[in-house]
Amino acid sequence: MTDRPTHIWTPIDYARDGKQVDWLHLPHSVTRSAYGTIAIPAAVVKNGEGPTALFTAGNHGDEYEGQVALCNLIRELKPERIRGRVIMIPALNLPAAMAGTRTSPLDEGNLNRSFPGNPDATPTPAIAHYVDSVLFPIADLFHDLHSGGGSLAYVQFASTHAGNNPEVHARGLAALRAFAAPVSLVWRAGSDARYSPHAAMKRGVPALGGEFGGGGSLSRRGLAIVEEGLERLLRHMGIVEGVVEPRPTRMMEVPTRAHFVHAPTAGVFEPAVELGDSVKAGDLCGRVHFVDDPARTPVDCRFAADGVVVCQRHPARVERGDCVAHTAVDVA
Ligand code: CA
C-alpha cells in the first residue's frame, strides 16, 4: 500500500447522481503519442445515498464472460432502478483485454499479481494502485469476474477468499450465497496478497470472484450465471429492490496446495479425468507423452489429495511446472 497519489485522471465524478460512462485516463507517453493516455472504460450509476458495489472484469484480458456481462449492465442499468451506487469497469487491464491476453502487452504485467500496486511504475501496477487507493475505499462489496483464460478450463463457480479477517469473510460468504452460482467456492489455498480480493479484504471490503468459463472462449452458460448472480447481488446489497429467492448452491473449497497438480515434465499432456470427476489421492491425473521420442515411456502424473476436478489445463502442450488440474472438496 502506498500513500503516493494516482496519476490516473477521469471526468467521472463518483459522487454525482445519474449515469456516467466515460474513461479512466492513465498517462502513457510513447513515441506515437507523447501526451497520450490508456483510456480504460468505466461507468458509475448512482442514485442517492446507499451502498456501493464495485464490479470489474478484464483483470485478465482473455476472460470474457464478465467483460460482456458488465458491458450489458452498463447499457441497461438505470439510475432510477437503484438506491446507492454501482461502479463497473469491464476491461480493467485494457491493454490485455484488447490483445486478448492474460497479461498486458505493454509491461507483461499480470494485474491480478500486481496489488496493491504502484502509481509510479508501469501501466499494470498503476491500474492496481488506482483500484486499491481510489475505488476500494468507497466500495462496500467488490466482485472481480474471472474465467480460466486461454490456459485453463473450469467447472463454473463464484468464489471468495478465506483471508484473515473473519468478519469481512463472513460478509463475503453471505454475498456468495446470495449470488448463488451452481457452485460456490472458498479459496483457502492458491492465492496470495498480490490478488485483487486480498487487497480489497485488507481494506475491509468483502470480495467475490469466480471462474465462469475458460479456454479463451465465451461460455453462454457462464454469462447467464454472471448476469443472474449480479442482479441477485444488487438485491442482496439493497441497491436494487426485490427479494433474493433462496437457491441451492454446492459449497466447495480449495483447502491446500496439494490440491493442485503440476506437469512433471514437458510434452503432450493426456488427461485421465474429466471436469467434475471425483478423484482420490494417488489416482492418475494424466500422462505426458513425448511425440519426438515415441519409444520413451510416457510419464504419469497423479493427484496428491482427494477431491473433485474443478479445473483442467486447456492446451495439451505443457512445460514442467504448468498447472494441469486442481481439485476442490465439498463442505457442509
Ligand atoms: Ca483469471
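Residue -7 is where the sequence shown starts when you use the working numbering, and the numbers rise one by one after that. Positions of the beta carbon are idealized from the N, C-alpha and C atoms, including for glycine. The structure presented is a predicted model; accordingly, all values stated were derived computationally and were not measured.
{"Item": "Proximity test, Asn104 beta-carbon vs ligand 2 heavy atom, cut-off 7 Å", "Value": "For the structure depicted, ligand 2 is absent and the ligand set comprises only ligand 1."}
{"Item": "Glu57: CB within 7 Å of a non-hydrogen atom of ligand 1", "Value": "no"}
{"Item": "Candidates Pro117, Met80 and Val232, of which the one nearest Arg67 by Cα", "Value": "Met80"}
{"Item": "Per-residue burial, Ser270 [other beta carbons within 10 Å of its own, 16 or more giving buried]", "Value": "exposed"}
{"Item": "Leu86 and Ile30 closer than 8 Å at C-beta", "Value": "yes"}
{"Item": "Gly142 beta carbon near ligand 1 (any heavy atom closer than 7 Å)", "Value": "no"}
{"Item": "Cβ-heavy atom distance, His138 to ligand 1, below 7 Å", "Value": "yes"}
{"Item": "N- and C-terminal bounds of the beta strand (DSSP E) containing Gly278", "Value": "Leu276 to His281"}
{"Item": "Heavy atom of ligand 1 within 7 Å of His52 beta-carbon", "Value": "yes"}
{"Item": "Endpoints, the alpha helix (DSSP H) within which Asn64 is located", "Value": "Glu57 to Glu68"}
{"Item": "For Met229, three-class secondary structure by DSSP", "Value": "coil"}
{"Item": "Beta-carbon proximity list for Met243, same chain, < 6 Å, skipping 5 on both sides", "Value": "Ser176 and Val323"}
{"Item": "Counterpart residues of Ala324 in DSSP-defined beta bridges", "Value": "None; Ala324 has no bridge partner."}
{"Item": "Thr152, buried or exposed, once every other Cβ within 10 Å from all chains shown has been counted against 16", "Value": "buried"}
{"Item": "Anticipated Cβ contact below 8 Å, Val60 with Leu210, distance rounded", "Value": "6 Å"}
{"Item": "Whole-angstrom distance between Gly140 and Glu55, CA atom to CA atom", "Value": "7 Å"}
{"Item": "Status (buried if at least 16 other CB within 10 Å, exposed otherwise) for Thr23", "Value": "exposed"}
{"Item": "Per DSSP, the bridge partner or partners of Pro263", "Value": "Gly278"}
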